[in-house]
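Colleague: This is the structure, below, for whatever I ask next.
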Amino acid sequence: MEEPGYPGARSALLGAGARIVPVPVDAEGLAVETGARGAGDARLAYVTPSHQYPLGVPMSLPRRLALLRWASRAGAWVIEDDYDSEFRYGARPVPCLHGLDVDGRVIYVGSFSKTLFPALRLGFLVVPPDLQDGLQAARAAADQHPPVLDQAVLADFIGEGHFARHLRRMRMAYHERLDALTEAVARFCHGALRLRPTRTGLHAIADLEQADAGRVSREAAARGVEATPLAAYFVGRRKPVDALVLGFAAVRPEAARRGMERLAAAIEAARASAR
Numbered sequence: 374m375e376e377p378g379y380p381g382a383r384s385a386l387l388g389a390g391a392r393i394v395p396v397p398v399d400a401e402g403l404a405v406e407t408g409a410r411g412a413g414d415a416r417l418a419y420v421t422p423s424h425q426y427p428l429g430v431p432m433s434l435p436r437r438l439a440l441l442r443w444a445s446r447a448g449a450w451v452i453e454d455d456y457d458s459e460f461r462y463g464a465r466p467v468p469c470l471h472g473l474d475v476d477g478r479v480i481y482v483g484s485f486s487k488t489l490f491p492a493l494r495l496g497f498l499v500v501p502p503d504l505q506d507g508l509q510a511a512r513a514a515a516d517q518h519p520p521v522l523d524q525a526v527l528a529d530f531i532g533e534g535h536f537a538r539h540l541r542r543m544r545m546a547y548h549e550r551l552d553a554l555t556e557a558v559a560r561f562c563h564g565a566l567r568l569r570p571t572r573t574g575l576h577a578i579a580d581l582e583q584a585d586a587g588r589v590s591r592e593a594a595a596r597g598v599e600a601t602p603l604a605a606y607f608v609g610r611r612k613p614v615d616a617l618v619l620g621f622a623a624v625r626p627e628a629a630r631r632g633m634e635r636l637a638a639a640i641e642a643a644r645a646s647a648r
């Protein structure tokens, strides 16, 4: 698994009895060679290549091809979690792993909870033929009555073109909210918080200057602002930098400005308590 990585997937895999091997992520995504050396007998790799969660970097094409070569050699599977790549802000999409896979090693996972709304608990899998019967049996054993009505309504919503129009509208809205967050950071947190480039997705990473992320997160929570330390997504021994994960999709521009004022106060309080 990617390090840092998605805690929900980690919990699900641990619950299924998996032994997790954290593999570092750099500017090109998962360090495939490092993972192959440290876990050569791995049976599965879980990745978020379009928009790495939580760092936001896309996996480069050479890394994607290297991961597919490893899976083919090892007879292993790759879960490609493509959770929010529909929301791009000027960035060109890179071909998904599933589209590059010629050996049938990739299990593609998608979700409508991000593209539509969180309460809609619908997702989908695109799986290699070898796994279809087993996955269908597991699905039937887990739940005999999936939400058929929700699926039928969503199918009509997609088929009639509403979903594509919704995505276009939301890209514009989220881009506006990202711009508002960027401006608010520059205005209220200049010299205390540095936003990393964000070209895809619904959250941003912000590096703190001379402040402990855990303290800042607690001070922010006391002021009604949610700012998760990046350290919460690490499980290995690698020490993360002091940074925060900031969601912006649900925050309108005026609220982003108010929230950043409070976060600036939280950073100052965290610095004061450390002196």
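Residue numbers for the sequence shown follow the working numbering, so the first one is 374 and each next one is one higher.
The C-beta atom is built at its ideal place from N, Cα and C for all residues, glycine as well.
In this text the structure is predicted, and so the values were computed from the model without any measurement.
(1) Candidates Val526, Arg588, Ala444: which alpha carbon is nearest Val479's?
(2) Report back the beta-carbon spacing between Arg634 and Phe561 to the nearest angstrom; my notes put them in contact at under 8 Å.
(3) Tell me the DSSP bridge mates of Thr601?
(4) Would you kindly work out how many angstroms separate the C-alpha atoms of Thr393 and Ala447, rounded to a whole number?
(5) Taking 6 Å as the limit between beta carbons, can you name the residues of its chain near Arg644, skipping five residues before and five after?
(6) Below 8 Å on the Cβ atoms is my guess for Val618 versus Leu603; work out the distance and round it to an integer in Å.
(7) Tell me, which residues are paired with Asp454 by DSSP?
(8) Which ranges would you report for the alpha helix (DSSP H) in the region 461-523 if only whole runs of at least 4 residues count?
(9) Just to confirm my understanding: we take Arg461, look at its own chain, exclude 5 residues before and 5 after, and list those with CB closer than 8 Å. What are they?
(10) To the nearest angstrom, how far is it from the Cα of Val598 to the Cα of Tyr456?
(11) Based on DSSP bridge pairs, tell me the residues matched to Ile578.
(12) Determine the DSSP secondary structure at Tyr419, reduced to helix, strand or coil.
(13) Let me know if Ala510 comes out buried or exposed under the rule of 16 or more other beta-carbons within 10 Å of its beta-carbon.
(14) Give the DSSP bridge partners of Pro397, in chain order.
(15) With Arg567 as the anchor, note down where its beta strand (DSSP E) starts and where it stops.
(16) Look at Gly620 and His563 and say whether their C-beta atoms are less than 8 Å apart.
(17) Give the straight-line distance between the Cα atoms of Pro519 and Leu489, rounded to the nearest whole angstrom.
(18) How many whole angstroms separate the CB atoms of Glu459 and Leu540, which I take to be in contact at a CB cut-off of 8 Å?
(19) Taking a contact to mean a Cβ-Cβ separation below 8 Å, would you say Val451 touches Leu470 in this structure?
(20) How far does the alpha helix (DSSP H) with His539 in it extend, from its first residue to its last?
Modeller: Based on what the coordinates show:
(1) Residue numbering aside, residue 479 sits at position 106 when the sequence shown is read from its first letter. The shortest C-alpha separation from Val479 is found at Ala444.
(2) Position 261 of the sequence shown, counted from the start, is the residue given in the question as residue 634. Position 188 of the sequence shown, counted from the start, is the residue given in the question as residue 561. Here residue 634 turns out to be Glu, not Arg, going by the sequence shown. The C-beta distance from Glu634 to Phe561 rounds to 5 Å, short enough to fall under 8 Å.
(3) Mapped onto the sequence shown, residue 601 falls at position 228. The partner list for Thr601 (beta bridge, DSSP) reads Val618.
(4) Counted from its first residue, the sequence shown places residue 393 at position 20. Counted from its first residue, the sequence shown places residue 447 at position 74. In the sequence as displayed, the identity of residue 393 is Ile instead of Thr. The straight-line gap from Cα to Cα measures roughly 17 Å.
(5) Taking the first residue of the sequence shown as position 1, residue 644 is located at position 271. For Arg644, where only same-chain residues beyond five positions count, the Cβ hits under 6 Å are Ala584.
(6) Sequence index remark: in the sequence shown, residue 618 carries index 245 (1-based). Sequence index remark: in the sequence shown, residue 603 carries index 230 (1-based). Rounded, the Cβ-Cβ distance is 6 Å, consistent with contact.
(7) Translated into the one-based positions of the sequence shown, residue 454 becomes position 81. Asp454 pairs with Val482.
(8) List check, alpha helix (DSSP H) in window: 470-473, 485-488, 502-515.
(9) By 1-based counting over the sequence shown, the position of residue 461 is 88. Counting only Cβ-Cβ distances below 8 Å, and skipping sequence neighbours, we find Arg544, Arg572, Thr573.
(10) In the sequence shown, residue 598 corresponds to position 225, counting from 1. In the sequence shown, residue 456 corresponds to position 83, counting from 1. One C-alpha to the other measures close to 24 Å.
(11) Walking along the sequence shown from the start, residue 578 turns up at place 205. DSSP lists Val618 as partners of Ile578.
(12) Within the sequence shown, residue 419 is the residue found at index 46, counting from 1. Correct three-state label for Tyr419: strand.
(13) Position 137 of the sequence shown, counted from the first residue, corresponds to residue 510. Burial state of Ala510 is exposed, judged by a 10 Å Cβ sphere holding fewer than 16 other Cβ atoms.
(14) Here residue 397 refers to the residue found at position 24 when the sequence shown is read from its first residue. Answer by DSSP bridge pairing, in chain order: Glu376.
(15) In the sequence shown, residue 567 corresponds to position 194, counting from 1. Boundaries of the beta strand (DSSP E) around Arg567: 566-568.
(16) Counting from 1 along the sequence shown, the entry for residue 620 is found at position 247. Counting from 1 along the sequence shown, the entry for residue 563 is found at position 190. No, Cβ-Cβ distance for Gly620 and His563 is not below 8 Å.
(17) The count along the sequence shown starts at 1 and reaches residue 519 at position 146. The count along the sequence shown starts at 1 and reaches residue 489 at position 116. Near 19 Å, if we compare the C-alpha coordinates of Leu489 and Pro519.
(18) Against the sequence shown, residue 459 aligns to sequence position 86. Against the sequence shown, residue 540 aligns to sequence position 167. Glu459 to Leu540, Cβ: 5 Å. Contact.
(19) Here residue 451 refers to the residue found at position 78 of the sequence shown. Here residue 470 refers to the residue found at position 97 of the sequence shown. Taking 8 Å as the Cβ cut-off, Val451 and Leu470 qualify as a contacting pair.
(20) Counting from 1 along the sequence shown, the entry for residue 539 is found at position 166. Run containing His539: 535-561, per the alpha helix (DSSP H) assignment.
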